[in-house]
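Enquirer:
Numbering (UniProt numbering), first residue to last: 1 to 474.
(1) Among all the DSSP beta bridges, which residues are the ones paired with residue 65?
(2) How would you write the range of the alpha helix (DSSP H) that residue 272 sits in, first residue to last?
(3) Kindly confirm or deny that the segment 240 to 247 and the segment 199 to 211 touch, where touching means at least three C-beta pairs closer than 8 Å.
(4) For the alpha helix (DSSP H) that residue 360 lies in, which residues bound it at each end?
(5) Pull up the DSSP beta-bridge partners for residue 417, would you.
(6) Given this structure, state the Cα-to-Cα distance separating residue 475 from residue 88, to the nearest angstrom.
(7) Touch check for the segment 270 to 278 and the segment 329 to 343: three-plus C-beta pairs under 8 Å?
(8) Among 175, 199, 174, 176, which has the Cα closest to the Cα of residue 166?
(9) At a Cβ threshold of 8 Å, is residue 373 touching chain C?
(10) What residues are listed by DSSP as bridge partners for residue 368?
(11) Among 184, 261, 169, 151, whose alpha-carbon lies nearest the alpha-carbon of residue 192?
(12) Residue 12 by DSSP, collapsed to three states: which one?
(13) How is residue 185 classed by DSSP in three states: helix, strand or coil?
(14) Where residue 121 and residue 258 are concerned, what is the direct C-alpha to C-alpha distance, given to the nearest angstrom?
(15) Is the distance from the Cβ of residue 101 to the Cβ of residue 11 below 8 Å?
(16) With distances taken Cα to Cα, identify the nearest neighbour of residue 217 among 235, 6, 315, 359.
(17) If we count Cβ pairs, one from each stretch, closer than 8 Å, do we get three or more for the segment 393 to 405 versus the segment 374 to 381?
(18) What are the complete alpha helix (DSSP H) segments, minimum 4 residues, inside the segment 316 to 351?
(19) Excluding sequence positions up to five away, which residues of its chain have a Cβ less than 6 Å from the Cβ of residue 20?
(20) Can you grab the Cα-Cα spacing for the pair residue 477 / residue 13, in whole Å?
(21) Between 196, 349, 371, which has its C-alpha nearest residue 430's C-alpha?
(22) So, under 8 Å CB-CB, residue 143 and residue 229 are touching, yes? Tell me the CB distance rounded to an integer number of Å.
(23) Can you check which of these residues, 44, 67, 85, is closest to residue 91 by C-alpha distance?
(24) For residue 394, which residues in the same chain have their Cβ closer than 7 Å to its Cβ, ignoring the five residues on either side in sequence?
(25) First and last residue of the alpha helix (DSSP H) that includes residue 452?
(26) Assuming residue 204 is part of the alpha helix (DSSP H), what are its boundary residues?
(27) Is it buried or exposed, residue 475, if we count other Cβ atoms within 10 angstroms and call 16 or more buried?
(28) How should residue 133 be labelled, buried or exposed, when 16 other C-beta atoms within 10 angstroms of its C-beta is the threshold for buried?
(29) For the beta strand (DSSP E) containing residue 91, list its first residue and its last residue.
(30) So for residue 308, helix, strand or coil by DSSP?
(31) Which class does residue 465 belong to by DSSP, given the choice of helix, strand or coil?
(32) For the alpha helix (DSSP H) containing residue 177, name the first residue and the last one.
(33) Given this structure, state the Cα-to-Cα distance separating residue 364 from residue 300, to the nearest angstrom.
(34) Going by the DSSP bridge assignment, what does residue 45 pair with across the sheet?
(35) From residue 457 to residue 27, what does the alpha carbon distance come to, in whole angstroms?
(36) How close, in whole Å, do the beta carbons of residue 434 and residue 320 come, if the pair is a contact with beta carbons under 8 Å?
Encoded structure:
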């Protein structure tokens with residue numbers, strides 16, 4: 001019997017994206033629907049940025065009111081099919097007709113509303129979900145409401161944690177101001193005298209998944225658990241780590257229209273993309289000079305303090321080029337700007353996000369640097385491997401699960417890694433990567449291993465299918 005799965009999320013490519021969550025929600029439902037045994041659909045907020053590109057293609061399904069505390073919020077539900085996946089959109093101008101997706105003082109209230117609206121939408125969806133699959137804190141309250149509201153469908157529920165650091169914290173007074181729950185339910189959402197949306201989802205979900213097996217183990221510990229490790233430990237066998245994949249059709253150097261020179265296995269064709277970036281940004285023109293690239297958010301999580309500690313020494317002592325693309329914390333932006341000024345012809349800092357340029361850098365780089373302090377899964381290193389660019393990572397979360405350190409003796413491994421969150425260890429592995437790069441007898445086996453690396457959604461899809469089948473045996 002076919003299983004109906006409803007994904008609930010706050011972003012999804014190609015409609016709206018701020019990070020890797022959108023890539024997952026944009027790819028996994030389609031991969032799941034390749035199996036005849038499931039019908040996976042997605043429900044999202046209708047943000048202001050979605051209107052210009054997609055609104056005219058949507059069909060109105062229903063209009064209704066949603067209560068958020070004492071507030072009666074008018075709500076309209078739309079639907080739209082894209083690439084054989086049905087998407088539903090929750091429209092409310094008060095909460096979602098804004099310039100940005102997140103970052104507002106009332107984000108907690110906005111996603112309480114969204115979760116209430118999802119539950120209120122269920123009678124209008126033209127299919128009855130068997131499993132509610134919520135993603136991150138913005139959707140976690142749907143798990144709570146499904147479990148405790150007396151008139152819901154009582155679907156089985158899955159909560160996927162894409163990044164435990166972001167939890168949806170609100171003042172305790174919000175319980176009576178925003179929620180329609182009896183006091184008996186506050187223990188499932190209360191956390192250190194506050195309300196925690198992610199905790200509510202973890203507590204009430206039938207299954208909790210994370211986006212890599214290593215991260216699933218890490219978040220049981222105080223260091224990685226962000227204050228929720230005890231709650232996570234209590235899930236026991238109901239906590240599962242399933243590694244993310246990437247859309248290998250979209251991210252393919254043979255067909256990617258964003259890059260200048262297409263290739264698949266040819267290192268000489270790939271190097272033409274390096275020459276293109278060197279010309280474009282005024283770097284020294286040299287196809288043999290190793291290029292290190294970073295495409296990242298400028299936040300502490302991404303290991304940028306390690307980069308700051310060693311980059312000056314690395315660029316002074318080694319004949320390399322370093323290109324950074326990203327935006328975020330102003331201190332990091334200022335640092336990279338100053339480094340670019342100091343190392344003209346060697347260093348480029350592009351201080352805003354540009355998807356087309358990001359793909360060009362994946363294609364141009366010899367190495368992709370990702371020394372994260374923690375990394376639930378990481379998609380950038382998977383994309384780098386897809387473009388035959390060698391990743392250099394710290395052994396944490398999904399980075400540890402996807403990058404195997406190169407062994408020059410038995411010729412195994414698809415990248416470089418270091419264990420401790422330490423700047424000198426990062427510098428050592430950067431220097432070692434240079435040593436391998438300049439020794440063709442060692443470099444070509446590594447490059448061959450990188451080319452063989454594949455992280456499509458097929459394996460992950462099968463693991464999710466197994467999870468759903470455990471929850472709803474045929």
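Yeah, the Cβ is synthetic: ideal placement off N, Cα and C, and Gly gets one too.
Only a predicted model underlies this, so the values are computations on that prediction, with no experimental measurement involved.
Expert: So, from the listed chains and residues:
(1) As a first step, residue 65 must be located in the chain shown, where it is residue number 65. DSSP, once it has assigned bridges, lists 74 as partnering residue 65.
(2) For the purposes of this step, residue 272 is identified with residue 272 of the chain shown, where counting begins at 1. Looking at the DSSP string, the run of the alpha helix (DSSP H) that includes residue 272 is 267 to 281.
(3) yes
(4) Here the question's residue 360 lines up with position 360 in the chain shown. Per DSSP, residue 360 belongs to the alpha helix (DSSP H) from 355 to 364.
(5) If you number the chain shown from 1, residue 417 lands on position 417. DSSP, once it has assigned bridges, lists 393 as partnering residue 417.
(6) What is shown of the chain runs 1 to 474, which leaves residue 475 out entirely.
(7) no
(8) On the chain shown, position 166 is the one that residue 166 refers to. It is 199.
(9) Given the protein chain composition of this structure (a single chain), no chain C is represented.
(10) Numbered from 1 along the chain shown, position 368 holds the residue referred to as residue 368. Residue 368 is bridged to 293, 391.
(11) If you number the chain shown from 1, residue 192 lands on position 192. Minimum Cα distance to residue 192 is reached at 169.
(12) Position 12 of the chain shown holds residue 12. It is a strand residue.
(13) Position 185 of the chain shown, counted from the first residue, corresponds to residue 185. Looking at residue 185 - three-state DSSP - the assignment turns out to be helix.
(14) Position 121 of the chain shown, counted from the first residue, corresponds to residue 121. Position 258 of the chain shown, counted from the first residue, corresponds to residue 258. About 38 Å.
(15) Taking the first residue of the chain shown as position 1, residue 101 is located at position 101. Taking the first residue of the chain shown as position 1, residue 11 is located at position 11. Yes; because the gap between Cβ atoms is below 8 Å, this pair is in contact.
(16) If you number the chain shown from 1, residue 217 lands on position 217. It is 235 whose Cα lies nearest to the Cα of residue 217.
(17) yes
(18) 330 to 342
(19) Residue numbering aside, residue 20 sits at position 20 when the chain shown is read from its first letter. Answer for residue 20: 379, listed in chain order.
(20) The structure shown has nothing for residue 477, since the chain only spans 1 to 474.
(21) Counted from its first residue, the chain shown places residue 430 at position 430. Among 196, 349, 371, the Cα nearest to that of residue 430 is on 371.
(22) In the chain shown, the residue the question calls residue 143 occupies position 143. In the chain shown, the residue the question calls residue 229 occupies position 229. With 8 Å as the limit, residue 143 and residue 229 do not qualify as a contact, their Cβ atoms being about 19 Å apart.
(23) Taking the first residue of the chain shown as position 1, residue 91 is located at position 91. Measuring from the Cα of residue 91, the nearest candidate turns out to be 44.
(24) For the purposes of this step, residue 394 is taken as the residue at position 394 of the chain shown. Counting only Cβ-Cβ distances below 7 Å, and skipping sequence neighbours, we find 303, 371, 372, 417, 418, 421.
(25) The residue you call residue 452 lines up with position 452 of the chain shown. Here the alpha helix (DSSP H) through residue 452 covers 440 to 452.
(26) Translated into positions along the chain shown, residue 204 becomes position 204. Run containing residue 204: 197 to 204, per the alpha helix (DSSP H) assignment.
(27) In the structure as shown, the chain starts at 1 and stops at 474, and residue 475 therefore has no counterpart that could be examined.
(28) Numbered from its first residue, the chain shown carries residue 133 at position 133. By the neighbour-count rule (16 or more Cβ atoms within 10 Å), residue 133 is buried.
(29) As a first step, residue 91 is located in the chain shown; it is residue number 91 there, counting from the start. Counting along the chain, the beta strand (DSSP E) containing residue 91 begins and ends at 85 to 91.
(30) The residue labelled residue 308 in the question sits at position 308 within the chain shown. Helix.
(31) In the chain shown, the residue the question calls residue 465 occupies position 465. It is helical.
(32) Residue mapping note: residue 177 aligns to position 177 of the chain shown, counting from 1. Its alpha helix (DSSP H) spans residues 174 to 178.
(33) On the chain shown, position 364 is the one that residue 364 refers to. On the chain shown, position 300 is the one that residue 300 refers to. Roughly 26 Å between the two C-alpha positions.
(34) Locating residue 45 in the chain shown gives position 45, where the first residue counts as 1. Looking at the DSSP assignment, residue 45 forms a beta bridge with 90.
(35) On the chain shown, position 457 is the one that residue 457 refers to. On the chain shown, position 27 is the one that residue 27 refers to. Each residue's Cα considered, the two are about 8 Å apart.
(36) Here residue 434 refers to the residue found at position 434 of the chain shown. Here residue 320 refers to the residue found at position 320 of the chain shown. Contact holds; Cβ gap of about 7 Å.
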